[in-house]
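Read left to right, the sequence shown gives residues -38 to -1, 1 to 207 (mature numbering (1 follows the signal peptide of the UniProt record, and there is no 0)). Yeah, the Cβ is synthetic: ideal placement off N, Cα and C, and Gly gets one too. Quantities reported herein were computed from a predicted structural model and do not represent experimental measurements.
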Amino acid sequence: MGSGKERRKQTAMGASPLTYQHHLLLLFVFFLAHISSAREASAQHHSPRRHAVKPTDQAKPGETTARASTPASTLVLVSCADAHYPTLCRCTLTASRLPANSTSADLARAALSASLGCARRSAAFVSRLLASSSSPASEALEDCRDQLADSADLLAKTETELRHLRRETFPWQMDDALTWVSAAMTNQDTCVEGLQGGGDGSAGTEEAVVAKRVSRASRYTSNALYLINRLSSTNGRGLSRDERP
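Quick look at the structure:
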């Protein structure tokens, strides 16, 4: 009897260390599994995700250049936003190869140069048309030729003025430039109105072709006038350092 009880006691005492070690091992395994799971969850939470580009996040047609990071393209975008013909304004200035650190004066010069070029081409076209016509020219075409010539002269005069801007004479130079460009656009618009026959349908094919070309020239001039007016509002702050006294 006594020996049996003693054996059971020894067996129980001998089994308890093994059970204790077993529990410790299980706890350690669970602890490692918990740590691994926590690290994986943290990595998934902080890893960058790829988002699909929404249609509204994509550049719209005509905005590629405006969204570029160069100072010139940023200035073009801001300056053309409120122009009467903003898309034409952006395209004109982008094609002008503006310097990286452009000023408002650079934009006004570029727009005016494009306007002058378009006005001269329109005037030359009307002159060639009148010279090659076998039939008597309409009075509207002859008037338009003279108006376009005057318009080109005024724009050329303005271009010269904008090349020699100075801070001390800036207000007077801007007044002259705005007056001349406004008069040039009036000449172009008057030409178009005369060619269209006052809207009574009396305009011929030649007149319609010329009116279309001159209307386009007028849009260039309108943008130039807008940018010159914008430059004028800077009170000379839109000039480069070389143009300041």
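Inset, instruction - Could you round the C-beta distance between N191 and L140 to whole angstroms and report it? I think they count as a contact, below 8 Å. - result: 6 Å
Inset, instruction - Return the Cβ separation of A81 and A179 in integer angstroms, given the expectation that the two are a contact with Cβ distance under 8 Å. - result: 5 Å
Inset, instruction - Give, in chain order, every unbroken run of the alpha helix (DSSP H) that is at least 4 residues long and sits entirely within the region 77 to 145. - result: 101 to 125
Legend entry - Simplified DSSP state of G166, which is helix, strand or coil: coil
Legend entry - First through last residue of the alpha helix (DSSP H) which encompasses T56: P48 to T56
Inset, instruction - Would you kindly work out how many angstroms separate the C-alpha atoms of L201 and R107, rounded to a whole number? - result: 35 Å
Inset, instruction - Compare the beta carbon distance of A34 and L60 with 8 Å and say whether it is the shorter of the two. - result: yes
Inset, instruction - Whole angstroms is fine: what's the gap from V88's alpha carbon to D138's? - result: 28 Å
Inset, instruction - Classify T56 as buried or exposed, calling it buried when 16 or more other Cβ atoms lie within 10 Å of its own Cβ. - result: buried
Legend entry - Whether L189 touches L69 by CB criterion (8 Å): yes
Legend entry - Close-in-space but distant-in-sequence residues of the same chain around T175 (CB under 7 Å, 5 per side omitted): Reading off the sequence shown, one finds Arg at residue 175, where the question assumed Thr. So the qualifying residues of the chain are S84 and F87.
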